[in-house]
Amino acid sequence: MSEQQASDTFATNPTLEGFLDKDGLQAQAILASITDAFFALDTNWRFVYVNSNAEKLLRRSRQELLGQNIWEVFPEAVGSTFYVQYHRAIEERCSVAFEEFYPPLETWFEVHAYPYAHGLSVYFRDINDRKRVEELLQRAHEEDRLFTQKLTALQEITYQLALAPDKETFYKLAVELGRERLGFDRIGIWCLKENFIKGTFGTDEGGKTVDERSVQRPLPALDALHQIQHSPQAIAVIENSTLCNALGEPVGHGTLVFASVWNHNRCIGFLSADNLLSGQHFTPQRLELLRLYASTLGHLYTRLQIQLSLQESEERYRSLFRSIPDPVWVFDIHTLQFLDVSDAAIAHYGYSRDEFLKMTIRDIRPPEDWEALEERLAHLKAGYSPPTLWRHKRKDGTIFEVEITSHDTNYAGREARIVLARDVTERRRLETQLLQAQKMESIGRLAGGIAHDFNNLLAAIVGYLELLEDHIQSDAQAQTHLHHAQQAAERAKQLTSQLLAFARKQITRPQNLDINRLIVDIGQLLRRIIGEDIELTFRPSNNLWTVKADRSQMEQVLMNLAVNSRDAMPHGGHILIETHNRTVSETLTFAQTVIPPGEYVYILFRDDGEGMSADVLARIFEPFFTTKEVGKGTGLGLSTCYGIIRQAGGYIAADSAPQEGAALHIFLPRSYEESDVQPAPVSSSSPSGNETILLVEDEPLVLQTLTLSLTRKGYHLLTAESPDEALEILAKYPKPIDLLITDVVMPQQSGLELVAQAHRIRPNLPVLYISGYTEEHTKVQNLVHEGTAFLQKPFTPSTLARRVREILDAPKSKPV
Numbered sequence: 001m002s003e004q005q006a007s008d009t010f011a012t013n014p015t016l017e018g019f020l021d022k023d024g025l026q027a028q029a030i031l032a033s034i035t036d037a038f039f040a041l042d043t044n045w046r047f048v049y050v051n052s053n054a055e056k057l058l059r060r061s062r063q064e065l066l067g068q069n070i071w072e073v074f075p076e077a078v079g080s081t082f083y084v085q086y087h088r089a090i091e092e093r094c095s096v097a098f099e100e101f102y103p104p105l106e107t108w109f110e111v112h113a114y115p116y117a118h119g120l121s122v123y124f125r126d127i128n129d130r131k132r133v134e135e136l137l138q139r140a141h142e143e144d145r146l147f148t149q150k151l152t153a154l155q156e157i158t159y160q161l162a163l164a165p166d167k168e169t170f171y172k173l174a175v176e177l178g179r180e181r182l183g184f185d186r187i188g189i190w191c192l193k194e195n196f197i198k199g200t201f202g203t204d205e206g207g208k209t210v211d212e213r214s215v216q217r218p219l220p221a222l223d224a225l226h227q228i229q230h231s232p233q234a235i236a237v238i239e240n241s242t243l244c245n246a247l248g249e250p251v252g253h254g255t256l257v258f259a260s261v262w263n264h265n266r267c268i269g270f271l272s273a274d275n276l277l278s279g280q281h282f283t284p285q286r287l288e289l290l291r292l293y294a295s296t297l298g299h300l301y302t303r304l305q306i307q308l309s310l311q312e313s314e315e316r317y318r319s320l321f322r323s324i325p326d327p328v329w330v331f332d333i334h335t336l337q338f339l340d341v342s343d344a345a346i347a348h349y350g351y352s353r354d355e356f357l358k359m360t361i362r363d364i365r366p367p368e369d370w371e372a373l374e375e376r377l378a379h380l381k382a383g384y385s386p387p388t389l390w391r392h393k394r395k396d397g398t399i400f401e402v403e404i405t406s407h408d409t410n411y412a413g414r415e416a417r418i419v420l421a422r423d424v425t426e427r428r429r430l431e432t433q434l435l436q437a438q439k440m441e442s443i444g445r446l447a448g449g450i451a452h453d454f455n456n457l458l459a460a461i462v463g464y465l466e467l468l469e470d471h472i473q474s475d476a477q478a479q480t481h482l483h484h485a486q487q488a489a490e491r492a493k494q495l496t497s498q499l500l501a502f503a504r505k506q507i508t509r510p511q512n513l514d515i516n517r518l519i520v521d522i523g524q525l526l527r528r529i530i531g532e533d534i535e536l537t538f539r540p541s542n543n544l545w546t547v548k549a550d551r552s553q554m555e556q557v558l559m560n561l562a563v564n565s566r567d568a569m570p571h572g573g574h575i576l577i578e579t580h581n582r583t584v585s586e587t588l589t590f591a592q593t594v595i596p597p598g599e600y601v602y603i604l605f606r607d608d609g610e611g612m613s614a615d616v617l618a619r620i621f622e623p624f625f626t627t628k629e630v631g632k633g634t635g636l637g638l639s640t641c642y643g644i645i646r647q648a649g650g651y652i653a654a655d656s657a658p659q660e661g662a663a664l665h666i667f668l669p670r671s672y673e674e675s676d677v678q679p680a681p682v683s684s685s686s687p688s689g690n691e692t693i694l695l696v697e698d699e700p701l702v703l704q705t706l707t708l709s710l711t712r713k714g715y716h717l718l719t720a721e722s723p724d725e726a727l728e729i730l731a732k733y734p735k736p737i738d739l740l741i742t743d744v745v746m747p748q749q750s751g752l753e754l755v756a757q758a759h760r761i762r763p764n765l766p767v768l769y770i771s772g773y774t775e776e777h778t779k780v781q782n783l784v785h786e787g788t789a790f791l792q793k794p795f796t797p798s799t800l801a802r803r804v805r806e807i808l809d810a811p812k813s814k815p816v
C-alpha cells in the first residue's frame, strides 16, 4: 500500500484514529511497507488497521475486516491458541509470541502480539515453508542433525531478538547469539550507506564482541557483493580471503561470506562471517543458515524500526502536549471528566494532576456558567470548534477569562475532545488600553478641527478689535467695552490653545530644559495660584538630566496641575513636587498608561485632596470631562497636560482613590544636551514699512483683517484667496515681492506645497507661515525647528507687524 493509500485509509476510517493519531502518515507508511502481515485491534476486538500482506494471508479485503470483530469474522479461532494468547496479551499487558496452525486457511502462522494503549497490535507471517522444512528435518538423515539444531536455535534467537528495546541492543545481541547459538567463528553486521558500509558490532580475532560503530569503509568492488545487493537469496563466498580486524589490519586468511539483509524490497546491509578461528569449511547447510539468519534479521529490524517509530511519536506527542505554554487538556464528552492535562494547565489553575483527573470540566467554571456550558456542549459539532470566551476559576477561587478552542479525538477508546485554553486577561487589558487610546485620538482630531475654525474667527476678531482701538481713543466708555471684548477674545484664545495642546497640534519650540530650574522659577507663581492655606513642597533631585520640551508648555502643565490640586483641597492641604532621574528597564504600567523602557526625567506631583474614584480616574485626561459644577471649569486642564506631555514624547499617568489624594506621574525622555540659555524678551513696538507683501488666505474675513492691518503700517499688499491665484500673481507681477505670507491649510493645496512652487518661480522669497491648526503639523513643526518663520493664530496686528519686520530686516543671504 502506498503512502497515499495509507492516508486515504486513515481519512475514510474514523476507527483508525485511536491507533495512529499520534504520528500520522510516517507511521502509516512504515506499517504499509513491512514484509510481515500486520493488523491492529481495538479494545472491543475490532479491526482498526490491516496492511496489504494481512489481506493476502487472511484472504479477506480490508473493507471486509475494518470495524469487524475478529472472533465473528474467524469464529473457528474462538477457544484456540490465537484466542487464548490474544486475551492473555490484553489482560496481562504483555507481549506474546507463538506459532499456530489455522485449519480454515490451511496455514501455519508465526505470531507476535503487543498490547498498546488502545488495544492489540499483531505481526504475523505465513510459516508454511518453514514448517515444511521442519517436517523435512524430522525425516532427515543423521548428517543433518546439526543443521536441524541450528535452525531450532535460529527460532529461539528470533524470539530473543524480537524483544530488543533499541538498535544498539539488537545489533550486539545478534552478533553474540550468532556466534554462541549458530556456531559461526566471527560474525559482523554492516549497514549499507550509499557506497559505504558502516559497522555496528562484530567479533575480534580473539572471539570477543567489539563495537564497530565508528568504522566506515568504501563498499568493496566485488562482483559477488554487487550480486547479493540485488538478490536476497544470493550468498557471496570469497575463498582464500585476507581477513582483517576492525581497524582493517590483516589477521589471517580464510573464507569470507556475505549475506544481504533486506528491508522489504531494499538491501539495507550485510551479515558477514568467516572461519578465521576454527578453519571450519562452509557447507551448503551453513551457508543456508547464514542466509536464513540474514533474512530473519531483516524482518526483525523492520519490526524494531516500527516499534521505535511508534514509541518516538508517542514521546513526541507527550512532550508536545506537556510543553505547550497554554493550558491543554482532554476530557470525556459523555462524563466531562478530565482524562489528561498539560503541565501548563497544572501551573495555571493550581490543581495537581491527580486532582484534575478526579474532576470534570464543570469544576473549573463558576456554578452560574454551568447552564451555558451544557447548552454549548449540546450543540457542539464534530471537528474543530472555533474560539469562544469563557470564565474559568482557579483553585484559589480567582475568576479569569479564557479563549477556548477544541477538537474531537479518541483517547484510549473513549470519545473525547482536546482543549486549548488561552488566558486572555492581559489581551483584554491591552484591548482596553487600545480603545482608550483610539478614543483619545478621535477626540483630539475633533478638538483640533474645532480649534482650526475657531482660530480663524478669533484672528479676525482680535485684529478688528486692535484696529478699532485707534478710533475710540477719546471715548472712555467705548474703551471700557473694547477692553472687555479683548479680554473675552484672550480667554477664547487660551481655550483654543488648550484644545490644540490636547490634540498635540500646537507648533512648539522645544529647548533643552532643566526641570528643577523651571520649577524654582515659577514657584512663586504656583504659590499665588494655590493660595496661602495650601503648603507647597519641592524636593529636587541632584544632577537631574535635561529634557527637550517647550518651556511655556511645561510651565502650563505645572500650573494646570496646581489649579487641579487646589480645587481638590477646598479646606487647605499639601502639594508635593519631586524630580528624579529614572531608568525604566522593563515596560511599566500605570492604570491604562504603558511606559516603555528608556531613560526619563520623572516628575511626581502629589496632593492630599479628596482623591478620585476608579471611574473618574479612567476619564481624567478626556477633554471637557470635569467633576466640577457647571461654570466652575472647562474640563481642559488635565487633557491639556496630557497633550503637551505626549507631544514632548513623554507619558503622564495618575493614581488615586477616594479620600486618599491623587498623584500625577510624568515621564519625560532624557535629553543628552545641556540646558539652553533663555532668549531675550521681544520688543513690544509695532514697526512699519513700505515693502510689497503677497498675502494668501482662504478665509475672507481673516484676509480682509490682515490686509487692513498691514496696509495701515505702510506695506503694499497683494492678496490671493487660493494657491492658484497666488502662483499667477507670482508669475505675472512685474515688480519684486519682498515677502510671502501664507496660511498652511487651504482647500486646493497646502501652504507648504504653495511655497515649494513659489520658490521655483522666485527663488529666495522669504516666507511667513500662519495657521490655527494643521494636518501638516509634523512638517511645519520640523520647519519651525529649522528656523522657518511661523505665527500661530490668533495673533494681534501688532504681533504680525513685528514678525514681518523681523523677517524683512533679516540678512538677504539667509532668507527666512
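Take the sequence shown: its position 367, counted from the start at 1, is 367 in our numbering, and no numbers get skipped. Where a beta carbon is used, it is the ideal one built from N, C-alpha and C, also for glycine.
Just to confirm, is the Cβ distance from residue i to residue j under 8 Å?
i: R391; j: P367; result: no
i: L292; j: L161; result: no
i: H665; j: A657; result: no
i: A663; j: A568; result: no
i: R303; j: I34; result: yes
i: L290; j: L271; result: yes
i: Y769; j: F795; result: no
i: V601; j: L668; result: yes
i: V48; j: L41; result: yes
Which residues mark the beginning and the end of the alpha helix (DSSP H) in which residue i is found?
i: T707; result: 700-712
i: W71; result: 70-73
i: D567; result: 551-568
i: K150; result: 145-162
i: R213; result: Taken as a continuous stretch (DSSP letters only), R213 belongs to no alpha helix (DSSP H), as it is neither H nor E.
Can you find the residues in the same chain that come closer than 7 Å, C-beta to C-beta, to residue i, ignoring five residues on each side of it along the sequence?
i: V402; result: W390, H392, A421, R422, D423, V424
i: G252; result: L243, L276
i: T719; result: L695, L703, T707
According to the neighbour-count rule (16 or more other Cβ atoms, all chains shown, within 10 Å of its Cβ), is residue i buried or exposed?
i: V78; result: exposed
i: G248; result: exposed
i: A756; result: exposed
i: W262; result: buried
i: F196; result: exposed
i: Q556; result: buried
i: G413; result: exposed
i: L380; result: exposed
i: E212; result: buried
i: I399; result: exposed
How far does the beta strand (DSSP E) with residue i in it reach, from first residue to last?
i: H230; result: No beta strand (DSSP E) contains H230, which DSSP labels as neither H nor E.
i: Y651; result: 651-656
i: D126; result: 119-126
i: Q792; result: 789-792
i: G572; result: Premise fails: G572 is in no beta strand (DSSP E) and is neither H nor E.
i: H392; result: 384-393
Within a Cβ cutoff of 8 Å, which residues of the same chain sit near residue i, ignoring the five residues on either side of it in sequence?
i: G207; result: R179, D185, R186, L277
i: L222; result: A236, I238
i: L308; result: D166, K167
Check residue i in the structure and name its three-state DSSP category.
i: G350; result: coil
i: P681; result: For P681, the pLDDT reaches just 46, beneath the cut-off of 50, and the residue's location in the model is therefore unreliable, although a value from the coordinates is still provided. P681: coil per DSSP, three-state reduction.
i: Q524; result: helix
i: Q63; result: helix
i: R422; result: strand
i: N516; result: helix
i: F170; result: helix
i: N263; result: strand
Note down, in chain order, each residue of its chain lying with its Cβ closer than 6 Å to the Cβ of residue i, except the 5 sequence neighbours on either side.
i: V767; result: L740, V755
i: S684; result: Any answer about S684 is weak, because its pLDDT of 46 lies below 50 and its placement is not dependable; what the coordinates show is given next. Around S684: no qualifying Cβ.
i: R539; result: E578
i: R93; result: P115
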